[in-house]
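Chemist:
In the numbering used here, the protein residues as written are 22 to 345.
(1) Pull up the CB-CB distance for residue 217 and residue 285, whole angstroms please, since I reckon it's below 8 Å.
(2) Got a sec? Which residues, its chain only, sit under 8 Å from residue 205 by beta carbon, not counting five neighbours each side?
(3) Opposite residue 264 in the DSSP bridges: which residues?
(4) Give the straight-line distance between the Cα atoms of residue 200 and residue 297, rounded to the nearest whole angstrom.
(5) Can you tell me whether DSSP reads residue 332 as helix, strand or coil?
(6) According to DSSP, is residue 225 helix, strand or coil?
(7) Which partner residues does residue 69 have in the DSSP bridge list?
(8) Determine the burial state of residue 66: buried for a count of at least 16 other Cβ atoms within 10 Å of its Cβ, exposed for fewer.
(9) Buried or exposed: where does residue 282 fall if 16 or more other Cβ atoms within 10 Å of its Cβ makes it buried?
(10) On the three-state DSSP scale, how would you describe residue 341?
(11) Let me know if residue 345 comes out buried or exposed under the rule of 16 or more other beta-carbons within 10 Å of its beta-carbon.
(12) Please report the Cβ distance between residue 180 and residue 343, rounded to the nearest whole angstrom; I am assuming they are in contact, meaning their Cβ atoms lie under 8 Å.
(13) Which parts of the region 170-225 are runs of the beta strand (DSSP E), unbroken and 3 residues or longer, counting only runs that do not cross its ends?
(14) Rounded to whole angstroms, what is the Cα-Cα separation between residue 158 and residue 240?
(15) Taking residue 104 as the reference, give the member of 135, 162, 289, 171 with the closest Cα.
(16) Taking Cβ positions, are residue 304 and residue 329 nearer each other than 8 Å?
(17) Compute the beta-carbon to beta-carbon distance between residue 317 and residue 186, rounded to the nearest angstrom, for a pair I have assumed lies under 8 Å.
(18) Pairing CB atoms from the region 142-156 with CB atoms from the region 317-327, are three or more of them under 8 Å?
(19) How far does the alpha helix (DSSP H) with residue 53 in it extend, from its first residue to its last?
(20) I need the straight-line Cα distance from residue 86 to residue 124, nearest angstrom please.
(21) Helix, strand or coil for residue 110? Go by DSSP, reduced to three states.
(22) May I ask which residues mark the beginning and end of the alpha helix (DSSP H) holding residue 295?
So, in structure tokens, the structure goes:
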């Protein structure tokens, strides 16, 4: 198939146009599901369902036309349409962090029957152009590690890798095995907070903190924080793996609105059994209220320890930032 050549204005091609929230959201949801269903987690499935519901809600659509630059749903972006069908998409999702505006180019998708024609490149270039028209230079996207063609495309467009992270998921199980180890699993000691924070800062770096809608301070000990969490009805759980009075790893469960997620903290050279023991504990303790739990973690770090606790990798994403 021949590739597409764009004119000086990146949306000048007759098949490329801005997303219309009045009619495109259900079709974009269908396209995302076709392209990413095999690696979609529970959060992703809820996201697609939200798009379909939003497309059917007239009052939401009226509001969305005014709020396209401030909501996390893909109300701003570009599509590729052929024969009256949406066959390509690139969403633009705005973020604000430390008074900076950021755009995430997300859901870059081309229908399997229309690939290798340059559609993804054209959509990505138009999304980048849109961000810069809005005076935003901090532009990010993420791509699956097993998609070398897309990685090569984004590299050629000026994106560089900033992080590589794997999403894991496991079913909870009251009868999950107990690891035979000399670690004791207990509640996190408030005196270990500084160590835990240092580990969290390494594993969940500030370069990606703009994408989180929670703060490490939610885990901080203290009476005022306890009152705040009580007021917000956030039932955070925390465990620590301790050997000879020394914390080797910590694990937090934060029900933060986009899925029930675990956040692990440990040093680079820690005993992997510490993390395995904590993840097994979480699978047992959370079994009465949640069928599945999720963990995002730097790719390659403690992969074997996470798998030993019964977690399965859903996908590994490379986070890339535009530099030109």
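Glycine is no exception: its CB is placed at the ideal position from the N, C-alpha and C atoms.
Modeler: Well, looking at it:
(1) In fact, because the Cβ distance is near 10 Å, the residues do not count as touching under 8 Å.
(2) 262, 263, 264
(3) 267
(4) 8 Å
(5) coil
(6) coil
(7) For residue 69, which the question treats as bridged, DSSP gives no partner whatsoever.
(8) exposed
(9) buried
(10) strand
(11) exposed
(12) 5 Å
(13) 180-192, 205-208
(14) 32 Å
(15) 135
(16) no
(17) 6 Å
(18) no
(19) 46-57
(20) Any reading at residue 86 must be qualified, since the residue scores a pLDDT of 49, below 50, and its modelled position is unreliable; no value is offered.
(21) strand
(22) 293-306
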